[in-house]
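Undergrad: Numbers 3 to 37, taken from this note's numbering, label the letters of the sequence shown in order.
Think of the CB as a built atom: it goes at the ideal place given N, C-alpha and C, for glycine as much as any other residue.
Bear in mind the structure is a predicted one, so any value in this text is a computation, not a measurement.
Pasting a structure here, questions to come.
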Amino acid sequence: MENDAACMLVIIGATPEGRRDLVGYQVGVRQSARS
3 MENDAACMLV IIGATPEGRR DLVGYQVGVR QSARS
């Protein structure tokens, strides 16, 4: 049975002044597998 779900990884960095900046992101599908 497939149980895939959409997911997004977001990386946010901060400057010494406290400003937040988007470093990168990746959109994909989360896959779970049973062994």
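Quick one: Cα of Gly15 to Cα of Asp6, how far?
TA: As a first step, residue 15 must be located in the sequence shown, where it is residue number 13. As a first step, residue 6 must be located in the sequence shown, where it is residue number 4. Gly15 and Asp6: Cα-Cα distance of roughly 29 Å.
Undergrad: In whole angstroms, what separates the C-alpha of Arg32 from that of Val12?
TA: Along the sequence shown, one-based indexing puts residue 32 at 30. Along the sequence shown, one-based indexing puts residue 12 at 10. Distance between the alpha carbons of Arg32 and Val12: 14 Å.
Undergrad: Rounded to whole angstroms, what's the CA-CA distance from Gly30 to Leu24? Just pull it up for me.
TA: Locating residue 30 in the sequence shown gives position 28, counting from the first residue. Locating residue 24 in the sequence shown gives position 22, counting from the first residue. Each residue's Cα considered, the two are about 18 Å apart.
Undergrad: In the DSSP assignment, what are the bridge partners of Arg22?
TA: The count along the sequence shown starts at 1 and reaches residue 22 at position 20. According to DSSP, which records beta bridges pairwise, Arg22 is partnered with Ala16.
Undergrad: If you run the structure through DSSP and keep just helix, strand and coil, what is Gln33?
TA: Residue mapping note: residue 33 aligns to position 31 of the sequence shown, counting from 1. Coil at Gln33, not helix or strand.
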